[in-house]
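K.L.:
Take this structure, written in structure tokens, and hold onto it; I'll ask about it next.
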Ligand code: GDP
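Residue numbers (this note's numbering): 7 to 317.
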């Protein structure tokens, strides 16, 4: 399966919600009832109230006075408007950052438990290996013994060294060891896992701030990326998480996982509209190839299906 098919398949449930409503416009003028249904569908897909307002204003403006607007016409207005929102968060990819950034390029990976941090780190490491780069993993979630072991299992599988200490060790000390090792071994990129127990606990945020500080002391300018991993299936909650992490540690990039498991894939749009943080990666499945660089144009195409000749 090609990457676009994976993306398209991953967004299937979300597409279904929107497409059902668009299909109702077939051969009919866009009356108020249909427009309200479309609005409800976009909200159900979790695009968020602000983005939906903006999109619907655009649709209403462009369809006013048009008697027999086609479903394809509406789709085109939506596609264009969505693209203009999404392109604002399509920043440089991880590969571009690593290529253009300092060596070692230090990435601190943050996010609450279960969002997919460890698997995302493993997938990035695998991708780096395939591109001929040398990554190093750092098991900074010392709060859970299982997290250290899980990262080690991934490291062994992908063939990447893991810097670790015992369960309960100071995460800042592990991060420090990781950066020292990265400099000594001249690796290209360091991926530091962190604890993710509930973000409402202020001690987690204090801990992350300390980790960040210690990294910067050992390597000025680092971490070069603070990547926040968010789970698309929690919908609007992801926005609240993002705000808290951003306030505490200054997020520089986002990875949004599990878009394949949800009909609320519109959360990508809400994130773009509300947070304005670069969306680097999206997860559309559990396989290694299912972590993709975010591409605004492809995302819109996958969300609305391939253009059709319907009128
Ligand atoms: P962590 O606690 O944040 O480190 O989360 P894990 O990396 O352990 O991931 C939690 C679960 O989410 C695992 O079962 C992963 O396989 C799964 N997962 C991660 N990313 C994706 C994705 O894009 N799609 C799906 N369907 N599952 C994912």
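Each residue gets a CB set at the ideal place from its N, CA and C atoms; glycine is no exception.
#1: Drop a sphere of 10 angstroms on the beta-carbon of residue 186, count the other beta-carbons inside from all chains shown, and report buried for 16 or more, exposed for fewer.
#2: Buried or exposed: where does residue 74 fall if 16 or more other Cβ atoms within 10 Å of its Cβ makes it buried?
#3: If you run the structure through DSSP and keep just helix, strand and coil, what is residue 26?
#4: Got a sec: does the ligand GDP put a non-hydrogen atom nearer than 6 Å to the Cβ of residue 295?
#5: When DSSP labels each residue in this structure, what does residue 299 get in the three-state scheme?
#6: Look at the alpha carbon of residue 2 and the alpha carbon of residue 155, and state the distance between them as a whole number of angstroms.
#7: What's the C-alpha gap between residue 306 and residue 202?
#8: Is the beta carbon of residue 177 sitting closer than 7 Å to the one on residue 217?
#9: Quick one: give me the first and last residue of the alpha helix (DSSP H) that residue 63 is part of.
#10: Can residue 266 be considered in contact with the ligand GDP, in the sense that its beta carbon sits closer than 6 Å to one or more heavy atoms?
#11: At a cut-off of 6 Å, is residue 56 close to the ligand GDP when judged by its beta-carbon and the heavy atoms of the ligand?
#12: In this structure, does DSSP put residue 176 in helix, strand or coil?
#13: In whole angstroms, what is the alpha-carbon distance linking residue 126 and residue 234?
#14: With a floor of 3 residues, list each beta strand (DSSP E) that falls wholly inside the segment 191 to 229, ordered by position along the chain.
#15: Between the C-alpha atoms of residue 18 and residue 194, what's the straight-line distance to the nearest angstrom?
#16: Determine the direct distance from the alpha carbon of residue 162 to that of residue 189, and round the result to whole angstroms.
#17: As a quick exercise: from 146, 110, 272, pick the residue whose alpha carbon is nearest that of residue 56.
#18: Would you call the segment 86 to 105 and the segment 293 to 303 touching, i.e. three or more CB-CB distances under 8 Å?
#19: Quick one: what does DSSP say residue 20 is sitting in, helix, strand or coil?
#20: What residue ranges within the segment 113 to 193 form continuous beta strand (DSSP E) runs of no fewer than 3 residues, ordered along the chain?
#21: Once DSSP output is grouped into helix, strand and coil, what is the label at residue 257?
#22: What does a CB cutoff of less than 6 Å around residue 269 pick up in its chain, not counting 5 residues either side in sequence?
P.N.:
A quick look at the data gives this:
#1: exposed
#2: Below a pLDDT of 50, predicted positions are generally treated as unreliable, and residue 74, at 48, falls in that range; the measurement from the model is reported next regardless. Residue environment analysis places residue 74 among the exposed positions, since fewer than 16 neighbouring C-beta atoms fall within 10 angstroms of its C-beta.
#3: helix
#4: no
#5: strand
#6: Coverage of the chain is limited to positions 7 through 317, which leaves residue 2 absent and any answer about it impossible.
#7: 31 Å
#8: yes
#9: 55 to 69
#10: Flag set: Cβ of residue 266 near the ligand GDP.
#11: No, since every heavy atom of the ligand GDP falls outside the 6 Å radius drawn around the Cβ of residue 56.
#12: coil
#13: 11 Å
#14: 195 to 200
#15: 36 Å
#16: 21 Å
#17: Nearest option by C-alpha distance: 272.
#18: yes
#19: helix
#20: 141 to 146
#21: coil
#22: For residue 269, same chain residues with a beta-carbon under 6 Å away, outside a window of 5 residues either side, are 19, 20, 23 in chain order.
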